[in-house]
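See structure below.
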Amino acid sequence: MSTEENGFKSGSNLEKILRAGHFAFTGELGPPRGSNAEEVREKAKHLKGVVDAVNITDNQTAMVRMSSWAASLLIMQEGLEPNFQMVCRDRNRLAMQSDILGAYAHGIKNMLCLSGDHQKFGDHPDAKGVFDIDSTQLIGMVKKMRDESKFLGGAGLENAPKMFIGAAANPFADPFEWRVHRLAKKINAGVDFIQTQCIYNMDKFREFIKRANDMGLTENVYILAGVTPMKSVGMAKYMKSKVPGMDVPDEVIKRLQGAEKGKVAAEGIKAACEQIEEFKEMKGVAGVHLMAIEWEHKVPEIAEQAKVLPRPQF
Amino acid sequence: MIVAKRKPFDEIKEMIKGHKKVLIAGCGTCVAVCLAGGEKEVDVLNAELDMARRLENKPLDTGTITVERQCDVEYLEPFDSKVKDYDAILSMACGVGIQFLAERFPGIPVYPAVDTTGMSANLAVGLYEERCRSCGECVLGMTGGICPVTMCAKGLYNGPCGGTNEGNCEISDDQPCAWFKIYERLATQDRLDCILNIKEPVGWNDQVPRTLVQPGYKKPEKAKNEE
């Protein structure tokens, strides 16, 4: 059945899960800094049957990696559904649109529209940052391609790429008051789902969601709360001080420091699962996006402990 | 104004190593004000080059000239009689002036002695901060007089991104976040509605060399033999 007939925008598994009112659970996979397909397949194995879709990052932290669409195809061969990430840093509007067509031609149905970390952070700090369009404009471009069968330039295109359109939101970056308005702009641009920055400051996130609920935003977009379990005290401290836009309260670090020797990671997972339990009940939150950074093999265990298994099948 | 900084001395010396007679050309406008390429800086470079080449036993015959503006044909005539005595010109003007000299004297090499770094405001003596990228589609009206094209490291039109860190940009704690400042300024003016709507993708006007003809003027017609 075509997407027009069944009312789905894309017909992706993620869209079906969210539309059916299930609590979504997505994962993430960083492609390798090399061309080894086995490395992607190996990471993917841990996620199969455990998550509804897998974000494939696009040169994350501005480090060169296997391209997002190529790694997306590899995980599709493993029976997983990708959420193809695309940043505005590395491509102009021509390259973006051609990659979207190519990705869709290969069966990719979800994409995440991002500005991208500044190139200064990565391994090519002298690169020219493209930023021809920004993330909000990218959302609008994908929607135009999908719903109007038109390129950004206005010309018609054949066989519109029916993408389920995602974007990010960081409830913790300044100015806090503006964050819901920025979310509203992305919704107006046509975004279907949002995956948030990793959440550690629950008080602030509750306030953000409350404001989004009050403005009626959560009726128009699915919000997946971002969760990254802490592996160690060092990781928590690094996230707090070195990662832009990350809000790690001192209590989070103290909790990990209080864990018994050899059980810090387990405490991190426990804290993450407690968060997930709260998100399941939180009005305006439609699911969780689990970013277990270089910890893919732990995802089944976390999913089990967070009681999100089995995943609904369509 | 346009600001520039002098190139490292060794780079300048290397560029002109094959020449024996070099005319050092200053510009009396922007680069003079920003202390990079005016009459004083021409004299300093002249003395440095003279000394360095004498130490290498390859003396350099130099001359100096500083005109009001190297980017304006009106001021270039004084060069015409001088240039024939030299086998290279070392220009301390901005990129526009350097090219304008090279165009007027196509027979001899013109070298840049400065790197042009942008259009900046003078914050203190010797301190300049870039404020305009001459994008050709000014949005300062909706952004509270703060340029996101210049000040936002990603040049976002619908900022701020998720990397804003206590009012600073993700690239550095020394770089204020343009969109944080835009938000604050518009909030003060009760004009946040200016940025509530999506700014659609812009047409980049700086992708081809731009020509400007003010209203009431026209481009000089090409002479017959040039066509």
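As given, the protein sequences belong to chains A and B, one line each in that order.
Taken in order, the first sequence gives residues 1 to 314; the numbers are from our numbering.
Taken in order, the second sequence gives residues 315 to 541; the numbers are from our numbering.
We put the beta carbon where it would ideally sit given N, CA and C, even for glycine.
Keep in mind that this is a model prediction, so the values were computed, not measured.
In chain B, which residues lie less than 9 Å from residue i when you measure between Cβ atoms?
{"i": "A:Thr-61", "result": "None at all; the shortest Cβ gap to chain B is about 11 Å."}
{"i": "A:Gly-245", "result": "Cys-475, Gly-476, Gly-477, Thr-478, Asn-479, Glu-484"}
{"i": "A:Gly-140", "result": "Ile-512, Glu-514, Pro-515"}
{"i": "A:Lys-185", "result": "Asn-472, Ile-509, Leu-510, Asn-511, Ile-512"}
{"i": "A:His-181", "result": "Leu-506, Ile-509, Leu-510"}
Look up residue i in the DSSP assignment and give the residues it is bridged to.
{"i": "A:Leu-224", "result": "A:Gln-195, A:Gly-287"}
{"i": "A:Ala-259", "result": "Bridge partners of A:Ala-259: none, in fact."}
{"i": "A:Asn-83", "result": "A:Asn-55, A:Asn-110"}
{"i": "B:Tyr-425", "result": "B:Leu-404"}
{"i": "B:Ile-338", "result": "B:Thr-378, B:Leu-404"}
{"i": "B:Val-317", "result": "B:Gly-432"}
{"i": "A:Ile-165", "result": "A:Met-111"}
{"i": "A:Lys-150", "result": "A:Gly-156"}
So what's residue i in DSSP terms, helix, strand or just coil?
{"i": "A:Ser-135", "result": "helix"}
{"i": "A:Phe-8", "result": "coil"}
{"i": "B:Ile-512", "result": "coil"}
{"i": "A:Gln-313", "result": "coil"}
{"i": "B:Leu-562", "result": "Limits of chain B in this structure are 315 at one end and 541 at the other, which puts residue 562 of chain B out of reach."}
{"i": "B:Arg-445", "result": "strand"}
{"i": "B:Ser-395", "result": "helix"}
{"i": "B:Cys-483", "result": "strand"}
{"i": "A:Met-1", "result": "Bear in mind that the predicted position of A:Met-1 carries a pLDDT of just 47, short of 50, making it unreliable; the figure below should be weighed with that in mind. Three-state result, A:Met-1: coil."}
{"i": "B:Cys-385", "result": "coil"}
{"i": "B:Val-522", "result": "coil"}
{"i": "A:Gln-119", "result": "helix"}
{"i": "B:Gln-489", "result": "strand"}
{"i": "A:Pro-171", "result": "coil"}
{"i": "B:Thr-457", "result": "coil"}
{"i": "B:Thr-343", "result": "coil"}
{"i": "B:Leu-470", "result": "coil"}
{"i": "A:Pro-300", "result": "helix"}
{"i": "A:Phe-279", "result": "helix"}
{"i": "B:Leu-363", "result": "helix"}
{"i": "A:Ala-189", "result": "helix"}
Can you name the residues of chain B whose CB is closer than 8 Å to the CB of residue i?
{"i": "A:Asp-174", "result": "Pro-474, Thr-478, Asn-479, Glu-480, Gly-481, Cys-491, Phe-494"}
{"i": "A:Gln-316", "result": "No statement about residue 316 of chain A is possible, as the shown extent of chain A runs from 1 to 314 and does not include it."}
{"i": "A:Arg-93", "result": "Pro-515"}
{"i": "A:Asn-83", "result": "Ordered by position in chain B, no residue passes the 8 Å Cβ test against A:Asn-83, which lies about 17 Å from the chain."}
{"i": "A:Ala-225", "result": "Within chain B, no residue comes near A:Ala-225; the closest Cβ sits about 15 Å away, beyond 8 Å."}
Which chain B residues are close to residue i, counting only those with a beta carbon under 7 Å from its beta carbon?
{"i": "A:Ile-133", "result": "Pro-515"}
{"i": "A:Gly-262", "result": "Within chain B, no residue comes near A:Gly-262; the closest Cβ sits about 34 Å away, beyond 7 Å."}
{"i": "A:Asn-201", "result": "Result: empty, since nearest Cβ-Cβ is about 14 Å, beyond 7 Å."}
{"i": "A:Asn-188", "result": "Ile-512"}
{"i": "A:Ala-236", "result": "The premise fails here: A:Ala-236 is roughly 17 Å from chain B at the closest Cβ pair, so nothing lies under 7 Å."}
So which residues of chain A does residue i contact, with C-beta pairs closer than 9 Å?
{"i": "B:Tyr-471", "result": "Ile-133, Asp-134, Thr-136, Gln-137"}
{"i": "B:Lys-468", "result": "Cys-88, Arg-89, Ser-115, Gly-116, His-118, Gly-129, Phe-131, Asp-134"}
{"i": "B:Tyr-497", "result": "Asp-174, Pro-175, Glu-177, Trp-178"}
Quick test of the definition: if touching needs 3 or more C-beta pairs under 8 Å, does the segment 519-536 of chain B touch the segment 132-141 of chain A?
Not touching, per the Cβ criterion.
Can you check the segment 3-60 of chain A for any beta strand (DSSP E) of at least 3 residues that lies completely inside it and give the ranges in chain order?
Runs found: 24-29, 54-56.
Whether or not the segment 154-166 of chain A and the segment 59-76 of chain A are in contact is what I'm after, with contact meaning three or more pairs of Cβ atoms, one per stretch, closer than 8 Å; do they touch?
Note that the segment 59-76 of chain A does not touch the segment 154-166 of chain A; fewer than 3 beta-carbon pairs, one per stretch, sit closer than 8 Å.
Validate contact between the segment 187-202 of chain A and the segment 216-229 of chain A using beta carbons, cut 8 Å, 3 pairs
The segment 187-202 of chain A is in contact with the segment 216-229 of chain A.
If we count Cβ pairs, one from each stretch, closer than 8 Å, do we get three or more for the segment 249-264 of chain A versus the segment 4-16 of chain A?
Three or more beta-carbon pairs separated by less than 8 Å are not found between the segment 249-264 of chain A and the segment 4-16 of chain A, which leaves the two stretches without contact.
Answer yes if the segment 159-170 of chain A comes into contact with the segment 103-119 of chain A, meaning at least three C-beta pairs across the two stretches below 8 Å, and no otherwise.
In short, these stretches touch, since the Cβ pair count reaches three.
Specify whether the segment 463-475 of chain B and the segment 507-517 of chain B touch according to this definition: at least 3 beta carbon pairs, one from each stretch, less than 8 Å apart.
Contact between the segment 463-475 of chain B and the segment 507-517 of chain B is present: 3 or more CB-CB pairs across the two stretches fall below 8 Å.
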